[in-house]
Amino acid sequence: MSFVLRWLFAFVLLAATYNPTRWNYVQWVAQNWETQMSVAALAGLLLLIGYIIYLRATLRSIGLFGMGLVLALVGAILWVAYDFGWLDLQNPTLNTWIGLVALSFVLGIGLSWSHVRRALSGQSDIDDVDE
């Protein structure tokens, strides 16, 4: 599984939870909680499982400091894009999508980092010994 696939799954997880369209879990639950409570709870638990998998793997591989560092790097890239006029931050919908992409990069890199470290150093993480 490549980085792009891991990043794409992270993006889908975040966008399914919330995005600026009406097609997201938060909006759907707000409108249908009383009539479809059981389905809302099931979908919420599935999203929670996805977040636990991604956050646990990210925290184990790069930690909080690494998450902050990746987020700072993405922020610096966005800052450069804004300074050069490539990015206009006046549109709140665009800003939400940019935030989703930035957070999904943090989770995608966190999930992929053990594979990158093993490829670069030749050393396995303790959790990877069984492979």
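The numbering of the sequence shown is the working numbering, which starts it at 1 and goes up by one.
Where is the CB? At the ideal position from N, CA and C, for every residue including glycine.
Quick one: Cα of Phe84 to Cα of Gln31, how far? 41 Å
Could you tell me the distance, in whole angstroms, from the CA atom of Ala102 to the CA atom of Ala10? 10 Å
Beta-carbon proximity list for Ser61, same chain, < 7 Å, skipping 5 on both sides: Gly110, Trp113 and Ser114
Within the same chain, show all residues whose beta-carbon is closer than 7 Å to that of Leu154, passing over the 5 residues directly before and after it, in chain order. What is shown of the chain runs 1 to 131, which leaves residue 154 out entirely.
What do you get for Asn19, buried or exposed, if any count of 16 or more other CB atoms within 10 angstroms of its CB means buried? It counts as buried.
Cβ neighbour criterion (16 or more within 10 Å) applied to Thr58: buried
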